[in-house]
Amino acid sequence: MPPLTFIVDPKGNAPVYRQIMDQIRYAIAGGTLVPGDQLPSIRELARDLVVNPMTVVKAYTELSHEGTVVLQHGRGAFVTATGRTLSVSAREQLLRKTLVQVAVEAVQLGIDAPTAARLLSEEIRNLKGTSHG
Amino acid sequence: MVDAIEITDMHRRFGRTEALCGLNLHIPAGCVYGLMGRNGSGKSTALRILMGLVRPDRGRALVLGHDLSNATAGQRAQVSYVAQGQRLPGWMTADQLDTYCACFSARWDQSYLRELCRRWGIPRGLAVATLSGGTQRKLALALGLAARAQVLLLDEPAAGLDPVARRELLDALVEVLSDGRSETVLLCTHLVSDLERLAERVGVIDGGRLTLEGRLDDWQTRISRVQIVYPDVAMPTTTLLPRVLRSQREGLVQTAVVDGLDATILAALRAQPGLRVVQSAVSLEDIVIAVLGPSAVPEAAIPLTTPAFVET
Amino acid sequence: MTMPASVSDPRPSSAAARTAASANGTTRSIMRGLIWRERQLHGSLVDAYVAIWVIGIWALRLIDHPAVLALFGFLLAAQLGSRLGSSEWKEGAEEFLFALPPTRRQRFWIRGAAGLVPVVLLTGLGAAALAWNRPAELWSLFSDGPFCEPTPPQAVSTWLAVFALSIAIYAISYSVHAALPRKGGQSAIVVVTMVLVLSLPVLVHIGTTGELLAEMHLHVDITRLLVALIVTVLVPLIAVQRFARRAPAALS
């Protein structure tokens with residue numbers, strides 16, 4: 359199992375389980391976690407993050423519903439071939455939810471759509487770049 | 473399935489003070505519940521009534537379906553109570569307390585108590601009265617956890633503990649929650665950050681009754697702070713905001729903590745001519761202060777030019 | 008949502024600890040625990056009384072008259088009763104102690120019985136020894152001196168009365184302190200209750216009124232004495248315990 363560091367901020371703007379989910383997705387997108395990797399056990403992660411184990415359970419369960427991870431009875435949680443079990447449109451639907459907030463902020467800051475798209479492409483490129491580092 | 477903790481229409485008066493007036497609290501088994509409220513709001517009284525230490529004037533308090541003031545020792549052994557004001561018998565040592573408490577419950581875990589004493593640096597052969605206040609509290613907590621009870625009632629367990637000890641307590645609670653026995657925990661604390669880590673459900677008690685209750689996840693998702701800048705002092709405060717927990721308008725600026733401010737409403741607000749709207753996250757502490765405190769939200773004003781979610 | 012066992016580590020085994028604890032939680036172990044604590048707290052007091060008893064009755068024969076034995080017995084009973092009755096409150100740890108598994112009822116009766124034992128043994132055996140002149144006979148085995156003087160003769164019922172009164176005082180003192188641990192003036196309440204509850208048996212036992220009653224053709228016999236004893240002990244115990252259960256027990 360690759361060394362993973364999760365950081366959650368209980369005071370943060372999202373529930374802890376969502377933060378865990380986001381970080382796992384981030385790790386998958388960035389290549390730190392590859393399909394077949396085992397996620398930390400619930401006990402371990404709860405202990406490291408000092409959070410209620412049910413929060414970790416919820417995060418893992420939600421991720422398994424999404425298809426990002428699979429829970430194997432008696433063995434643990436494993437990363438699936440990322441989102442492959444979800445159709446393209448389903449994946450796009452998930453992304454759209456996050457993009458609404460970005461759109462709102464872009465408008466707030468007076469940034470137009472092409473500039474916002476350019477910034478997004480740059481960020482994705484950076485992410486893909488670090489995954490091979 | 474029977475609720476782990478059931479308080480129905482609880483009333484209790486001390487002299488002329490009404491500590492509890494119509495408290496209703498139902499906690500399902502296996503839930504970690506955070507109860508917040510000001511000092512004197514009735515949290516401690518509610519817990520004492522649950523344990524059978526104080527009799528209510530009216531109402532019913534059941535733990536795992538039993539009234540603990542009338543239950544058998546075996547039923548009482550399923551519940552562990554650690555409170556802020558509790559003092560341990562001064563002449564007893566930790567080892568003596570271990571043997572003493574072990575007599576009363578088949579579930580008592582002596583090896584776990586020894587483990588906690590070792591981890592937390594509690595000397596086992598010294599009389600309790602010779603230990604520092606913080607160490608006494610830690611010992612009380614260790615005793616509470618070693619009971620391996622199904623229901624844990626914790627009233628300000630971390631009060632008087634230094635930050636390291638507080639973290640040790642959190643670690644122990646996480647460990648207890650991880651052992652798969654689905655303990656129910658009712659945690660009363662002012663340290664709201666602890667609840668943000670541990671609680672599944674939270675409630676706010678004010679003036680002897682529960683004023684706000686819900687799942688922590690829901691609160692964190694649904695409740696946010698919004699700051700609206702009006703172009704004109706005379707412009708009336710908008711009515712578009714959904715359920716408002718607390719709102720204050722000072723001249724051009726309105727700050728409010730709201731429940732259910734989604735993208736649609738936000739767009740509608742921003743569509744209003746001249747209105748500048750900034751939405752930001754709000755911590756559990758802020759929510760509690762908004763619900764309990766005076767109408768002014770006591771937070772540094774969010775700079776108007778900073779976008780809602782600041783990248784760090 | 009239950010925690011799926013599949014994704015958690017195997018639980019560290021504390022099976023060994025669990026089997027060792029299987030003897031705990033029974034009524035016997037609860038008794039053991041409660042009595043252990045009382046013995047730690049009041050053991051030295053009881054030891055002191057035992058010492059006085061040995062020295063007073065047997066060695067120096069200072070306790071030779073029912074009145075002196077009564078003083079000894081009453082003091083023992085009152086003191087033990089008050090200490091045991093409000094035992095949890097004495098050290099300021101009542102909130103911790105009350106939250107432990109033993110029920111109110113168990114605490115009340117087990118502790119009460121534990122305190123009754125020294126009272127019964129010391130006054131009972133003391134009264135019996137003096138009534139049947141045992142100390143004098145013991146001394147006469149070794150010497151010829153003044154310690155061999157027999158105890159001045161008393162009616163058996165007088166000794167019995169001392170014994171019974173000690174028990175009654177214990178029962179009342181214990182019950183009053185158990186019911187009203189935080190109010191002041193428990194001693195006053197004990198005395199008043201004593202006077203009310205025991206006035207009749209006292210009058211009957213101590214003698215002068217016995218003659219009066221004999222003139223009225225009332226005979227006092229052992230059976231009635233025992234019944235009176237049982238009533239004077241159990242009635243306050245039960246009545247006060249019921250009262251304690253109904254009264255609001257405010258901690259703060």
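Chains as they are written, first to last, in the working numbering: chain A, 359 to 491; chain B, 473 to 784; chain C, 8 to 259.
Every residue gets a Cβ at the ideal spot worked out from N, C-alpha and C, and that includes glycine.
Note that the coordinates shown come from a computational prediction; the quantities given were computed from them, not determined experimentally.
Asked, Found
"Go ahead and label L467 (chain A) buried or exposed: buried means 16 or more other beta carbons lie within 10 angstroms of its beta carbon, across all protein chains shown.", "exposed"
"Is the CB of A545 (chain B) under 7 Å away from at least one CB in chain F?", "You won't find chain F in this structure, because its protein chains are A, B and C."
"Using the Cα positions of A543 (chain B) and Y375 (chain A), report the straight-line distance between them to the nearest angstrom.", "38 Å"
"Are the beta-carbon atoms of P368 (chain A) and E668 (chain B) separated by less than 7 Å?", "yes"
"On a Cα-Cα basis, can you pick out the residue from B:P714, B:V623, B:L663 that is closest to A476 (chain B)?", "B:V623"
"What residue from C:A134, C:W43, C:P108, C:A178 has the CA that sits closest to A74 (chain C)'s CA?", "C:A134"
"Go ahead and label R189 (chain C) buried or exposed: buried means 16 or more other beta carbons lie within 10 angstroms of its beta carbon, across all protein chains shown.", "exposed"
"Along chain C, in chain order, which residues have C-beta atoms closer than 8 Å to that of Q558 (chain B)?", "A100, E102, F103, A106"
"Just how far apart, CA to CA, sit T750 (chain B) and V462 (chain A)?", "The residue asked about is misnamed: residue 750 (chain B) is Val in this sequence, not Thr. Roughly 10 Å separates the two Cα atoms."
"Please state whether DSSP places R46 (chain C) in a helix, a strand or coil.", "helix"
"Enumerate, from N- to C-terminal direction, the unbroken beta strand (DSSP E) stretches of 3 or more residues contained entirely within the stretch 707 to 757 of chain B.", "716 to 722, 725 to 731, 748 to 752"
"DSSP puts V554 (chain B) in a beta bridge; with which residues?", "B:L626"
"For M379 (chain A), which of A:N410, A:V415, A:D395 has the nearest alpha-carbon?", "A:V415"
"Indicate whether the contact test is met: 3 or more Cβ pairs, each with one atom in the stretch 665 to 682 of chain B and one in the stretch 492 to 503 of chain B, closer than 8 Å.", "yes"
"Could you pull out every residue in the same chain whose Cβ sits closer than 6 Å to the Cβ of S147 (chain C), ignoring the five residues on either side in sequence?", "C155"
"With a threshold of 6 Å on Cβ separation, who are the neighbours of L197 (chain C) within its own chain once the five nearest residues in sequence on each side are excluded?", "Position check: residue 197 (chain C) holds Val in this sequence, whereas Leu was assumed. Excluding residues within five positions, the ones whose Cβ falls inside 6 Å are I179, S180, V183."
"Closest Cβ-Cβ distance between M482 (chain B) and chain C: below 7 Å?", "no"
"State yes or no: is the beta carbon of S513 (chain B) nearer than 7 Å to at least one beta carbon in chain C?", "no"
"For the beta strand (DSSP E) containing E490 (chain B), list its first residue and its last residue.", "489 to 499"
"In chain B, which residues lie with their C-beta within 8 Å of the C-beta of I37 (chain C)?", "A545, C575, F576"
"Pull up the distance between the alpha-carbon of R483 (chain A) and that of V551 (chain B), whole angstroms please.", "55 Å"
"Taking Cβ-Cβ distances shorter than 7 Å, what residues in chain B pair up with N484 (chain A)?", "Here the premise fails: no neighbours, minimum Cβ distance about 13 Å."
"By the 10 Å Cβ neighbour count, where 16 or more other Cβ atoms means buried, how is T301 (chain C) classified, buried or exposed?", "The structure shown does not extend to residue 301 (chain C), since chain C is modelled only from 8 to 259, so the question has no answer here."
"If you drop the 5 nearest sequence neighbours on each side, which residues of the same chain put their C-beta closer than 6 Å to that of M38 (chain C)?", "I117"
"With H, G and I counted as helix, E and B as strand and the rest as coil, what does DSSP make of R376 (chain A)?", "helix"
"Which value, in whole angstroms, describes the spacing of the CA atoms of I53 (chain C) and L560 (chain B)?", "For the record, residue 53 (chain C) in the displayed sequence is Val; it is not Ile. About 25 Å."
"So, does the CB of S755 (chain B) fall closer than 7 Å to a CB anywhere in chain A?", "yes"
"By Cβ distance below 7 Å, which residues in the same chain neighbour Q608 (chain B) in space, the five residues on each side in sequence not counted?", "L560, V600"
"In chain B, which residues lie less than 8 Å from R433 (chain A) when you measure between Cβ atoms?", "Ordered by position in chain B, no residue passes the 8 Å Cβ test against R433 (chain A), which lies about 16 Å from the chain."
"Taking 7 Å as the cut-off, decide whether the C-beta atoms of R721 (chain B) and T709 (chain B) are in contact.", "yes"
"Taking only heavy atoms of the ligand NAP into account, decide whether any of them is closer than 6 Å to the Cβ of F486 (chain B).", "For the structure depicted, the ligand NAP is absent and the ligand set is empty, with no information on it obtainable."
"Taking DSSP as the reference, what is the three-state secondary structure of G388 (chain A)?", "coil"
"Using a Cβ-Cβ cut-off of 8 Å (strictly less than) and excluding sequence neighbours within five positions of A471 (chain A), which residues of its own chain qualify?", "A464"
"In three-state DSSP terms, what is S173 (chain C)?", "helix"
"Taking 7 Å as the CB-CB limit, is E839 (chain B) close to chain A?", "In this structure chain B extends from 473 to 784, so residue 839 (chain B) is not present and cannot be described."
"Spell out whether any CB of chain B is found under 7 Å from the CB atom of G133 (chain C).", "no"
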